[in-house]
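Colleague: There's a structure below that I have some questions on.
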Amino acid sequence: MSVVAVPAAALAADAVPAKQLFGKQNLPSKQPTQSLGFYAKGCLAGGIAIPVDGPAWQVIHLSRNRRWGNPEMIALIERLGRESKAEDGWNGLMIGDISQPRGGPMLSGHASHQIGLDADIWLTPMPSHTMSYQEREGIPEASVLRRDKMTVDPRKWTKAHERLIVRAASYPQVERVFMHPGIKKKMCDTLEGRDRALLSKMRPIYGHHYHFHIRMKCPSGSENCEDQVDPGPDSGCGKQLTEWLNRVKPRPAVKPTKPTKVVKPKYLMLSALPNACKVVLNAAPVPSMAEAEYRSGNPVQVPVTAYATEDPVAKVIAVASDDFSVFIPPMGSIPQPLVRPAMQ
Ligand SMILES: [Zn+2]
């Protein structure tokens, strides 16, 4: 019986968290497109980038290089941008994180966004001018909530916000739309008629009070993509919402009597992801970023290569992210419950 030698590189790859392997990828794999695995445990083959600027969107946080997705998802975001600009009084989308070039776990921030089917859209419309690289990096996280963190602030919340979220949820290929419980409450209190049927797709989650999150169903052609369980018909406006709101209710700080036990975070290893993700990691890259950009026939106003590679900040972040202890807190200044329930 012969012993098959395992290459040292393969052994090494299994000994480090998968986020370090996927977080280092600058370009997508040159493969047919596949969303592989689950939203919080998977990767993306043949990813496509949304252009930095389009007729109804601008991508922010370019240094993160997370504007990659399944082409169906990119097309859907572009459509949301165009339709909400034409019909909802929304000036255009500010697009935050989608996925890394090859998806997978990230060095900072999200648990999901791994298979190119999750996207964060800001609850601030894009400005009318083309933003500079630095402006995109430093976009303020403008919450739409009141100071009680339980309800939206009527001075900040508009009908256009509501229409934008309703439109996102109305697309049949959208599986869920995540938003802060305070925004979900506003939706429960306001939506009428046919729109109320969309409430079951609108799911509460903390953190999402300056942006919301669109999750798309597995597109056809991605056989190894694992759909999330259908949300069912319940609007989620009753007991479920009350429970979520109770968890964000401001309460007096309690002095801990015992020292808090430090829980070591568990990182996904490569072996936890679908086997095909190893192939994705090792596949040759597409020759250049510009070649991997999605073209939907819309004019691209700014060539993508004008950004990122030359920017000193991008370089600093690229170096820093080699150290996996770097963590960019994604949730702004709103307090978070210590135990965060999963995105349901
Ligand atoms: Zn998100």
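Per the working numbering, residue 1072 is the first one in the sequence shown, and the count goes up by one each step.
Note that the Cβ used here is the ideal one computed from N, Cα and C, for glycine as well.
1. Would the beta-carbon of Ser1306 be found less than 8 Å away from any heavy atom of ligand 1?
2. Quick check: the region 1107-1116 against the region 1151-1162, are at least 3 beta-carbon pairs closer than 8 Å?
3. Please classify Ala1116: does DSSP put it in a helix, a strand, or coil?
4. Consider the C-beta atom of Ala1191 and the heavy atoms of ligand 1; say whether any pair is separated by less than 8 Å.
5. Return yes when at least one heavy atom of ligand 1 lies under 8 Å from the C-beta of His1280, else no.
6. Take Glu1149 as the anchor and find which of Trp1128, Phe1249 and Val1087 has the nearest alpha-carbon.
7. Does the beta-carbon distance from Gly1307 to Lys1255 come in below 9 Å?
8. Near Ala1377, which residues of its chain fall below 7 Å by C-beta distance, leaving aside the five closest residues on each side in sequence?
9. What residue from His1251, Pro1275, Ser1241 and Met1250 has the CA that sits closest to Lys1288's CA?
10. From this set, Arg1137, Leu1270, Ala1086 and Ile1210, which residue's C-alpha is nearest Met1197's C-alpha?
11. Alpha carbon to alpha carbon, what distance is there between Arg1267 and Thr1424?
12. Cβ of His1181 within 8 Å of any heavy atom in ligand 1?
13. Determine, using beta carbons only, whether Asn1295 and Leu1107 come nearer to each other than 9 Å.
14. Could you check where the beta strand (DSSP E) with Leu1188 kicks off and where it finishes?
15. Let me know the secondary structure DSSP gives Met1402 once reduced to three states.
Modeller: According to the structure shown:
1. Within the sequence shown, the letter at position 235 stands for residue 1306. No, the Cβ of Ser1306 stays beyond 8 Å of every heavy atom of ligand 1.
2. no
3. For the purposes of this step, residue 1116 is identified with residue 45 of the sequence shown, where counting begins at 1. Ala1116 falls in the strand class under three-state DSSP.
4. Numbered from 1 along the sequence shown, position 120 holds the residue referred to as residue 1191. At residue 1191 the sequence reads Asp, which differs from the Ala that was named. Yes, since a heavy atom of ligand 1 falls inside the 8 Å radius drawn around the Cβ of Asp1191.
5. Counting from 1 along the sequence shown, the entry for residue 1280 is found at position 209. No - ligand 1 has no heavy atom lying nearer than 8 Å to the Cβ of His1280.
6. Residue numbering aside, residue 1149 sits at position 78 when the sequence shown is read from its first letter. The candidate whose alpha carbon is nearest that of Glu1149 is Trp1128.
7. Residue 1307 sits at position 236 when you count from the first residue of the sequence shown. Residue 1255 sits at position 184 when you count from the first residue of the sequence shown. Result yes, Cβ atoms of Gly1307 and Lys1255 sit closer than 9 Å.
8. On the sequence shown, residue 1377 is found 306 positions in, with the first residue counted as 1. Annotation note: pLDDT 35 at Ala1377 (below 50); position unreliable, no value reported.
9. Here residue 1288 is taken as the residue at index 217 of the sequence shown, counted from 1. Per the Cα distances, Ser1241.
10. Along the sequence shown, read from residue 1 onward, the residue named residue 1197 stands at position 126. Taking only the C-alpha atoms, the option nearest Met1197 is Ile1210.
11. Nothing about residue 1424 can be reported from this structure: the residues present for the chain run from 1072 to 1415 only.
12. Numbered from its first residue, the sequence shown carries residue 1181 at position 110. At least one heavy atom of ligand 1 is nearer than 8 Å to the Cβ of His1181, so yes.
13. Taking the first residue of the sequence shown as position 1, residue 1295 is located at position 224. Taking the first residue of the sequence shown as position 1, residue 1107 is located at position 36. Cβ atoms of Asn1295 and Leu1107: closer than 9 Å.
14. Within the sequence shown, numbered from 1, the residue matching residue 1188 stands at position 117. That residue, Leu1188, is in no beta strand (DSSP E); it is neither H nor E in DSSP.
15. As a working mapping, residue 1402 is identified with position 331 in the sequence shown. Caution applies to Met1402, whose pLDDT of 31 falls short of 50 and renders its modelled position unreliable; the model cannot decide the point.
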